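Chemist: Take our numbering: the final residue in the sequence shown is number 984, and no numbers are missing along the way.
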Amino acid sequence: MADQRSEDRDTAASPAALALRWEEPPEGPVLVILDQTRLPAEEVELVCTDVPVLVEAIRSLAVRGAPLLGIAGAYGVALAAARGFDVDEAAESLAHARPTAVNLGYGVRRAAVAYHAAAKAGADAEGAAAAALAEARALHREDAEASERMAAHGLALLDELLPAGGYRLLTHCNTGALVSGGEGTALAVAAAVHRAGQLRRLWVDETRPLLQGARLTAYEAGRAGMAYTLLTDNAAGSLFAAGEVDAVLIGADRIAADGSVANKVGSYPLAVLARYHHVPFVVVAPTSTVDLGTADGASIEIEQRPGHEVTDITVPYAPAAGAQAGTGIPVAPLGTQAYNPAFDVTPPELVTALVTEAGVVSPLTGDGIAELCARSRSGNGMLPE
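Set out below in structure tokens:
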């Protein structure tokens with residue numbers, strides 16, 4: 600078992616916590632991640648010295664969010680290579696740590712391909728490991744750049760859709776710097792709106808049962824100085840009915856070839872509400888989240904989470920890496936069965952627009968997705984292999 604340790608962060612060090620970074624101390628390279636299960640109570644870093652620790656961090660949601668999972672997967676391959684572990688075994692373990700977010704497998708694949716290409720070209724083990732690390736760093740950099748472009752495209756779209764300004768935006772789950780190499784996806788757009796002086800209110804769904812909105816989006820919004828209000832997921836309908844929502848912004852974990860969007864469970868009901876109340880429903884995601892190999896929404900594998908996350912009032916965080924998240928006070932009768940999918944799927948006809956770093960697709964159709972893929976030059980796995 601690899602060594603693990605936690606380190607308290609200086610909470611005043613920066614306005615946004617650094618979610619993930621590569622370090623090379625004398626004892627060997629490590630991947631340092633901000634443990635998101637501990638937020639907002641404390642900022643604690645986990646130091647991953649091998650792939651099993653990273654896999655557990657992914658499964659326990661210590662590191663999460665589609666773009667960041669891709670980056671973590673790529674660095675995980677580089678970590679295995681640098682420490683002399685079996686790269687193919689590590690890649691297989693990482694790629695299947697969570698099934699729905701397509702970025703994870705994409706990041707793993709990029710780093711593994713770079714490693715094997717270097718080895719095939721005659722590089723020694725150290726050189727091949729360096730190639731995997733360079734690819735991971737390139738992906739990290741590309742995601743930060745994509746985040747910046749998505750924010751600009753999203754701001755321009757909102758200006759077009761809602762020229763009066765003063766936006767009241769509703770968001771679900773967490774889509775900020777904690778899920779990205781940059782400012783994030785949907786929350787990056789909200790941040791751009793805020794900097795432009797046009798954010799009247801950010802409505803933040805709690806996002807049950809694990810409260811990524813309450814714990815993480817509220818944490819990021821508060822640190823950025825946004826005017827935000829937290830609400831329970833089932834209160835969103837009353838906000839729509841009262842005319843208090845101008846647009847919905849969400850991220851995505853996988854977008855199928857027909858434009859179906861898998862995102863944190865609770866997204867689909869928001870899309871239905873938005874359509875009924877004639878409110879724009881906007882998905883913000885990098886092109887690496889588009890999976891042409893998945894034909895439609897019905898083909899997306901939906902991760903099923905443990906039932907105790909629903910039947911128990913959980914502690915706000917797991918006390919250490921590898922600890923069982925979700926332990927707490929039971930609120931349902933003993934033996935109660937729980938339905939706890941991590942994601943739901945929104946059909947493309949309910950999506951007003953998809954915002955990517957390569958531009959905006961509206962309406963969201965299979966043809967539109969295909970055109971986006973054709974003009975994308977990011978080399979991020981959108982095109983068939």
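Backbone N, C-alpha and C define an ideal beta-carbon position, used for all residues, glycine too.
If you're wondering where the values come from, they're calculated on a predicted model, not measured in any experiment.
Opposite Ile670 in the DSSP bridges: which residues?
Modeler: Taking the sequence shown and counting its residues from 1, one reaches residue 670 at position 71. In DSSP, Ile670 forms no bridge with anything.
Chemist: Just to confirm, are Leu668 and Leu633 a CB contact at a threshold of 8 Å?
Modeler: On the sequence shown, residue 668 is found 69 positions in, with the first residue counted as 1. On the sequence shown, residue 633 is found 34 positions in, with the first residue counted as 1. No, Cβ-Cβ distance for Leu668 and Leu633 is not below 8 Å.
Chemist: Please specify which runs of the alpha helix (DSSP H), each continuous and at least 4 residues long, are wholly inside the stretch 702-775, giving them in chain order.
Modeler: Runs of the alpha helix (DSSP H) inside the stretch 702-775: 724-760.
Chemist: By how many angstroms is the C-alpha of Leu760 removed from the C-alpha of Ala751?
Modeler: Position 152 of the sequence shown, counted from the first residue, corresponds to residue 751. Position 161 of the sequence shown, counted from the first residue, corresponds to residue 760. Going by the C-alpha atoms only, they are around 14 Å apart.
Chemist: Would you tell me roughly how many angstroms separate the C-alpha atoms of Thr955 and Ala700, rounded to the nearest one?
Modeler: Within the sequence shown, numbered from 1, the residue matching residue 955 stands at position 356. Within the sequence shown, numbered from 1, the residue matching residue 700 stands at position 101. Their backbone Cα atoms lie some 16 Å apart in a straight line.
Chemist: Does the distance from the C-beta atom of Trp802 to that of Leu756 stay below 8 Å?
Modeler: Stepping through the sequence shown from its first residue, residue 802 is reached at position 203. Stepping through the sequence shown from its first residue, residue 756 is reached at position 157. No.
Chemist: To the nearest angstrom, how far is it from the Cα of Met825 to the Cα of Thr774?
Modeler: Along the sequence shown, read from residue 1 onward, the residue named residue 825 stands at position 226. Along the sequence shown, read from residue 1 onward, the residue named residue 774 stands at position 175. If you take the alpha carbons of Met825 and Thr774, they lie about 15 Å apart.
Chemist: Mapping DSSP to helix, strand and coil, what is Val960?
Modeler: Your numbering for residue 960 matches position 361 in the sequence shown. Correct three-state label for Val960: strand.
Chemist: So what's Asp687 in DSSP terms, helix, strand or just coil?
Modeler: On the sequence shown, position 88 is the one that residue 687 refers to. Here Asp687 sits in helix by DSSP.
Chemist: My output table needs one value for Thr547: the three-state DSSP class, helix, strand or coil.
Modeler: Residue 547 is absent from the structure shown; the chain starts at 600 and stops at 984.
Chemist: Given 8 Å as the limit, is there contact between the stretch 720-737 and the stretch 669-679, that is, 3 or more CB pairs closer than that?
Modeler: Segments in contact, yes.
Chemist: Determine the burial state of His877: buried for a count of at least 16 other Cβ atoms within 10 Å of its Cβ, exposed for fewer.
Modeler: Reading the sequence shown from its first residue, position 278 is the one you call residue 877. It is exposed - the Cβ of His877 has fewer than 16 other Cβ atoms within 10 Å.
Chemist: Between Pro762 and Ile901, what straight-line distance do the alpha-carbon atoms span, to the nearest angstrom?
Modeler: Within the sequence shown, residue 762 is the residue found at index 163, counting from 1. Within the sequence shown, residue 901 is the residue found at index 302, counting from 1. Pro762 and Ile901: Cα-Cα distance of roughly 37 Å.
Chemist: Leaving out the 5 sequence neighbours to the left and right, which residues in its chain are closer than 6 Å to Ala694 when beta-carbon positions are compared?
Modeler: Here residue 694 refers to the residue found at position 95 of the sequence shown. Taken in chain order, the residues that qualify are Gly704 and Val707.
Chemist: Looking only at its chain, what residues have a beta carbon closer than 6 Å to the beta carbon of Glu606, apart from the 5 residues adjacent to it on each side?
Modeler: Here residue 606 corresponds to residue number 7 of the sequence shown, with the count starting at 1. Legend: pLDDT at Glu606 = 46, less than 50; position of this residue unreliable, value from coordinates given subsequently. Hits under 6 Å: Glu644.
Chemist: Check whether the stretch 877-890 and the stretch 779-786 are in contact - that is, three or more C-beta pairs closer than 8 Å.
Modeler: The stretch 877-890, when compared against the stretch 779-786, does touch it at the 8 Å Cβ threshold.
Chemist: Below 7 Å CB to CB, which residues in the same chain sit around Pro918 once its five sequence neighbours on both sides are set aside?
Modeler: To locate residue 918, count along the sequence shown from 1; it is residue 319. Low local confidence applies: a pLDDT of 47 at Pro918 is under 50, so the model's placement there is unreliable, with the coordinate-based value given in what follows. No residues qualify anywhere along the chain.
Chemist: Rank Thr770, Ala671, Asn939 and Leu809 by C-alpha distance to the C-alpha of Gln903 and give the top, closest one.
Modeler: Counting from 1 along the sequence shown, the entry for residue 903 is found at position 304. Per the Cα distances, Asn939.
Chemist: Is Tyr938 helix, strand or coil by DSSP?
Modeler: Here residue 938 refers to the residue found at position 339 of the sequence shown. Coil at Tyr938, not helix or strand.
Chemist: Quick one: Cα of Gly865 to Cα of Ile849, how far?
Modeler: Sequence index remark: in the sequence shown, residue 865 carries index 266 (1-based). Sequence index remark: in the sequence shown, residue 849 carries index 250 (1-based). The alpha-carbon atoms of Gly865 and Ile849 are separated by roughly 11 Å.
Chemist: Between the Cα of Ala817 and the Cα atoms of Val844, Ile670, Leu777 and Arg663, which residue gives the shortest distance?
Modeler: By one-based count along the sequence shown, residue 817 stands at place 218. Ala817 has its Cα closest to that of Leu777, out of Val844, Ile670, Leu777 and Arg663.
Chemist: Spatial neighbours of Ala601 within its chain, please: C-beta separation below 6 Å, excluding the five flanking residues on both sides.
Modeler: The residue you call residue 601 lines up with position 2 of the sequence shown. Because the pLDDT of Ala601 is 36, which lies under 50, any placement of that residue in the model is unreliable, and the question is left without a value.
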